[in-house]
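In what follows, a single structure is set out as structure tokens and then discussed.
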């Protein structure tokens, strides 16, 4: 995944033009600074991740509802209790949808590196933000492959066994942990 790069016109400006530009941009804030672009890219990538995981969660919920309609009918006098295997499969689908929702919530509510002068002065903020965007790109690839695999599931019975396996092997949680560790350097 490649991100668009915009050249900073202030870098090549003379001293008078730099002062005027700084006054225009709020005395130091510059939309063209690479760090600000990386912050914005991080927010855009996380919004897309949340959208993709929302699609996965919605499809898993539809599979669970269809499975419950088909395999867990209303109790009757002849069958007052539901089949234990069907209840277990429905619960597995429900847990998988909850795991997807928890991951989606964590991604949507993750902290964003602030525009802090102390961090800019004493730490290499740009390198950390570039690592975050690179990790976000890896997470996008993992989430897209998960979404494609989840949307390919059409049978609730097969999905009950397959969906937890897909979530365990997707390594999205491990990539998200690496992202949080990288972000902890800035805090």
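Residue numbers (the numbering used here): 1258 to 1444.
Backbone N, C-alpha and C fix where the C-beta goes; we use that ideal spot for every residue, glycine too.
All values reported here derive from a predicted model rather than from experimental measurement.
Between the C-alpha atoms of residue 1422 and residue 1350 there is a straight-line separation of about 11 Å. Under the three-state reduction of DSSP, residue 1336 is assigned to coil, being neither helix nor strand. Counting only runs of 4 or more residues that sit fully inside the segment 1352-1437, the alpha helix (DSSP H) segments are 1374-1379, 1382-1409, 1413-1426, in chain order. For the 7 Å CB-CB criterion, residue 1395 and residue 1307 do not form a contact. Using a Cβ distance threshold of 7 Å, residue 1295 and residue 1390 count as a contacting pair. Per the coordinates, the alpha-carbon of residue 1403 lies some 20 Å from the alpha-carbon of residue 1322.
If you draw a straight line from the Cα of residue 1368 to the Cα of residue 1437, it comes to about 9 Å.
Comparing alpha-carbon positions, the option among 1352, 1440, 1405, 1415 lying closest to residue 1427 turns out to be 1405. In the three-state DSSP reduction, residue 1331 falls in the coil class, being neither helix nor strand. Taken through DSSP and simplified to helix, strand or coil, residue 1271 comes out as coil. Taking C-beta atoms as the reference points, residue 1354 and residue 1314 count as a pair closer than 7 Å. In summary, residue 1316 is buried, with 16 or more beta-carbon neighbours lying within 10 Å of its beta-carbon over all protein chains present. Of the other Cβ atoms in all chains shown, fewer than 16 fall within 10 Å of the Cβ of residue 1408; this residue is therefore exposed. Residue 1418 is not a Cβ neighbour of residue 1320, given a cutoff of 7 Å. Residue 1393 places its beta carbon less than 7 Å from that of residue 1302. Within the same chain, no Cβ atom closer than 7 Å to the Cβ of residue 1331 is found once the five residues on either side in sequence are excluded.
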